[in-house]
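**Q** Sharing a structure below in structure tokens format, with a few things to ask.
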Amino acid sequence: MNFEIQETRILLRHAEDPKLATIEGYRSYGGYETLQRALKDMEPDEIVNELEESGLRGRGGAGFSMGKKVSFLPRGEQTKYLCCNADESEPGAFKDRELMQRNPHQLIEGIAIASYAAGAGHAFIFIRGEYEAQADVLDRAIAEAYDAGFLGEDILGSGFDLELVVYRGAGAYICGEETALLDALEGKRGNPRLKPPFPAVQGLYGQPTLINNVETLSNVSHIVANGAEWFRSFGTEQSPGTKVVSVSGRVRRPGNYEVQLGVPTGGLVMDLAGGPPGDHKVKAFYPGGSSSPVLTPEGLDLPYSFEAMAEAGSMLGSGSIIVADDTVSIPHMALRTARFYHHESCGKCTPCREGTNWTVKMLERVVRGEATPMELDIITSVQDNIVGHCLCVLGDSMAMPVSAMVRKFRDEFEQVIAEAALESVPVTGGNGNGAPTEVPALTEMLERDPLQGRPVPAGEQRVGAEGDDA
Ligand SMILES: Cc1cc2nc3c(=O)[nH]c(=O)nc-3n(C[C@H](O)[C@H](O)[C@H](O)COP(=O)(O)O)c2cc1C
Ligand code: SF4
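Residues in the sequence shown are numbered consecutively from 0, following numbering that gives the first Met the number 0.
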């Protein structure tokens, strides 16, 4: 299959221009004109309809229709909030960082229009604590927007008021889960809440709250400016629009690539990101961040869309592809994945708290060669008992990829057990003093983090494929 594809930049358009992060730069490309038009000429319901018609699906993981979610908020005079989810803590995800850093006003304009549509007078951007540089960029941009009259009281004489605040999180992955985010924002420990009630009905401080991802909200001004039909001219019927996809792992050009949804997945991995280095071959990949069930190389032929990934038994999630090539040990990758979720579990519910703990312990036995092949069945049955039985989907986020790895690469798990068992057989006499040799340390795979994309230092960030082979 020919994997040559092109980027289609809407959200990352002009991203190379450093002036875009300033209000003058943003306005020089027509920025804030849509907000002015929306406040002057459009009723909130018209905007909600346009968003619904566009088919824009949430870009934070679940892929739920954004317009529908806005329409769930009750109408009328009452305090309502908008929360922009900028927690982005899933291994492999780094697109929101780039969107905020390069084009903060695109997000602010989207938040202002969405708040107007939802009737929210207060909005927050909940950003992960580690994104200090991006939070500073947002603070500066918000101050500029207030000065220019695009935020604050009686915006552009429309009678619409909006206060926007950046709230820096403390660096817990679970705070990206929307209800844990709300608790954290209220100053409590970030633990997920039972749903229903959903935040659209009872969210921040018990009031109706619209929660959307950075990329979702960044799309809003483009849809309102150009119309739902224009948006639907990109992507597929069920996954309209473009997607900023973070590609990382064993590829030559890791980075963020904006493509139309539905392009061949192999185009992202093999063409834009350059595929694995040298003669190495793709062995497996997570198509939607570390919580998505891994796919084998045949998955490269699939269209990169919500529906195709779901049909293949995985998910598009937040749109983060992590590639493992033939140098990567899948059992070690499973262990590293499980350790992440075990570390980040809030511990509120038993299947996740205990299941992540036991999965780590069992996978450690695998890589140490202490497990029997039968234990692989126990590992998969533990995962089956986690999925669908937790308060939030963090438990599932470990269980689904681990289960897929054990099921699809069972031979490799058995081989690792056998090899590690051989290596760790106590050698008496061979080393001269009769003492057993040490159990071998986990391989280099555990030191090298296969789940992290190459960090892109501020100032030298790149967008797209302009040939910088790593
Ligand atoms: C453990 C966990 C972590 C999450 N982290 C994020 C995150 O960092 N950013 C995000 O937008 N959504 C995250 N989500 C999804 C949110 O709960 C929610 O669905 C999303 O913010 C809604 O926005 P959207 O409809 O625009 O995608 C996470 C979910 C879970 C269960
Ligand atoms: S699934 Fe895990 S992270 Fe989510 S509420 Fe339960 S224990 Fe907490």
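All residues carry an ideal CB built from backbone N, CA and C; glycine is no exception.
Keep in mind it's a predicted model, so treat the numbers as computed, not measured.
Alpha carbon to alpha carbon, how far is L421 from D86? Give it in angstroms, no decimals.
**A** Rounded to the nearest angstrom, the two C-alpha atoms are 44 Å apart.
**Q** Counting only the same chain and skipping the five closest in sequence on each side, list residues whose C-beta sits under 7 Å from that of P43.
**A** So the list reads Y115, A116, G118, once near-sequence residues are dropped.
**Q** Between M65 and ligand 1, is the CB less than 7 Å from at least one heavy atom?
**A** Answer for M65: yes, Cβ within range of ligand 1.
**Q** Are there any heavy atoms of ligand 1 lying less than 7 Å away from the beta-carbon of Y80, as far as the coordinates show?
**A** For ligand 1, not one heavy atom lies less than 7 Å from the Cβ of Y80.
**Q** Is any heavy atom in ligand 2 found nearer than 7 Å to the beta carbon of R352?
**A** For ligand 2, at least one heavy atom lies less than 7 Å from the Cβ of R352.
**Q** For S220, report the span of its beta strand (DSSP E) as first-last.
**A** Per DSSP, S220 belongs to no beta strand (DSSP E); it is in the alpha helix (DSSP H), 219-225.
**Q** Quick one: complete alpha helix (DSSP H) runs, 4+ long, within the stretch 362-419?
**A** Whole alpha helix (DSSP H) segments, 4+ residues: 372-385, 393-407.
**Q** Verify whether the separation of the beta carbon atoms of M269 and L299 is less than 8 Å.
**A** In contact: M269 and L299 (Cβ atoms closer than 8 Å).
**Q** Cβ of I124 within 7 Å of any heavy atom in ligand 1?
**A** Incorrect: I124 has no Cβ contact closer than 7 Å to ligand 1.
**Q** Give every residue of the same chain whose Cβ lies closer than 6 Å to the Cβ of T178, excluding the five residues on either side of it in the sequence, and list them in chain order.
**A** Within the same chain, T178 has close Cβ partners P191, R192.
**Q** Quick check on the DSSP output: the beta strand (DSSP E) that includes S245 runs from which residue to which?
**A** Element bounds for S245: 241-248.
**Q** Assign E143 to one of two classes, buried (16 or more other C-beta atoms within 10 Å of its C-beta) or exposed (fewer than that).
**A** Answer is buried; the Cβ neighbour count reaches 16.
**Q** For Y340, does the three-state DSSP call read helix, strand or coil?
**A** Three-state DSSP puts Y340 in a helix.
**Q** Could you tell me whether the Cβ atoms of G168 and I126 are closer together than 8 Å?
**A** Yes.
**Q** For the alpha helix (DSSP H) containing H104, list its first residue and its last residue.
**A** Note, H104: alpha helix (DSSP H), 103-117.
**Q** Once you ignore the five residues that flank R352 on each side, which residues in its own chain have a CB closer than 7 Å to its CB?
**A** S344, G346, listed in sequence order.
**Q** Going by alpha carbons, who is nearest to G205 out of V213, P196, N211?
**A** Of the candidates V213, P196, N211, the one whose C-alpha sits nearest the C-alpha of G205 is P196.
**Q** Identify which residue in A113, G57, S423 has its Cα closest to the Cα of A37.
**A** Of A113, G57, S423, the residue nearest in Cα terms is A113.
**Q** Can you tell me where the beta strand (DSSP E) with N84 in it begins and where it stops?
**A** Per DSSP, N84 belongs to the beta strand (DSSP E) from 80-85.
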